[in-house]
Amino acid sequence: MKLGKAQGFALIDIIFVCGIIGLLAGIALPSMLKAKQSAAGASAVGTMRSINSAELTFALTCGNGFYAPNLTTLGFPPTGSHEPFLGGGLTGSDTVLKSSYSFRIEGAAYSTAPASCNGLDVGEAAQGFIAIAEPTEPTNARFFATNASGSIYEHNASLYAIMPEVGEPSAGHVIH
């Protein structure tokens, strides 16, 4: 009796290939997650720069030297214009989620602040502001903040409680 030639793969061959694929995935996955966090951090820094620019433009052109107290205020264009101070989907609410970060601006209302050209009433604008970017993923430990001084700070914990409206926080370092 003549036996035919075996066709296909043996079970051991398939297990071996699956093991190699699993090993390669195990090596590549941490690097991929780190790259994703780096990209999200770079996007957060870019957004913080946009917020700084929008707040400065608001203060110089519309706020009579005072700052917008929240993100939604920066979404309203000044009288006679169709362009808001800040775009990119950042002004839909006072807290915005973007690129695995939560962004918000806060500014203490100053009672004698004049009305702005985009709808803020007397006493609603702020003498300074803080803008916070906090990661939404628990494995990401890069927190960012900025204020009326214009520098962007990074820390491995939230800067919300320690960030003044003007000046340096008690922790964190400046991003250059």
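In my numbering, the protein residues as written are 377 to 552. Glycine included, each C-beta is placed from N, C-alpha and C at the ideal position.
Nearest to Gly548 (by Cα), restricted to the options Ala537, Val542, Asn532: Asn532
Please report the straight-line C-alpha distance between Ile427 and Ile388, rounded to a whole angstrom. 58 angstroms
Might you give, ordered along the chain, the residues of its own chain that have their beta carbon closer than 6 angstroms to the beta carbon of Gln413, omitting 5 neighbours on each side? Asn516
Gly543 burial status per 10 Å Cβ neighbour count (16 or more: buried): exposed
Taking the C-alpha atoms as reference points, what is the distance between Gly468 and Asn446? 11 angstroms
Using DSSP's beta-bridge definition, name the partner residues of Arg480. Thr471, Ile508
Close-in-space but distant-in-sequence residues of the same chain around Pro490 (CB under 7 angstroms, 5 per side omitted): Asn440, Val498
Does Pro406 pass the burial test, meaning 16 or more other C-beta atoms within 10 Å, or should it be called exposed? exposed
DSSP beta-bridge partners of Phe520: Ala509, Glu530
Taking the alpha helix (DSSP H) that Phe365 falls in, what are its first and last residues? One cannot answer for residue 365 here, as it falls past the ends of the chain, which runs 377 to 552.
Along the chain, where does the alpha helix (DSSP H) that runs through Leu450 open and close? 447-450
Taking buried to mean at least 16 other C-beta atoms within 10 Å of its own C-beta, is Cys438 buried or exposed? buried
What is the DSSP secondary structure of Tyr486, reduced to helix, strand or coil? coil
Would you call the CB atoms of Ala509 and Tyr477 closer than 8 angstroms? yes
Three or more C-beta pairs closer than 8 angstroms, one from the stretch 447-454 and one from the stretch 383-398: is that the case here? no
Starting from the Cα of Asn523, find the closest Cα among Met424, Glu500, Leu473, Gly465 and give me that residue. Met424
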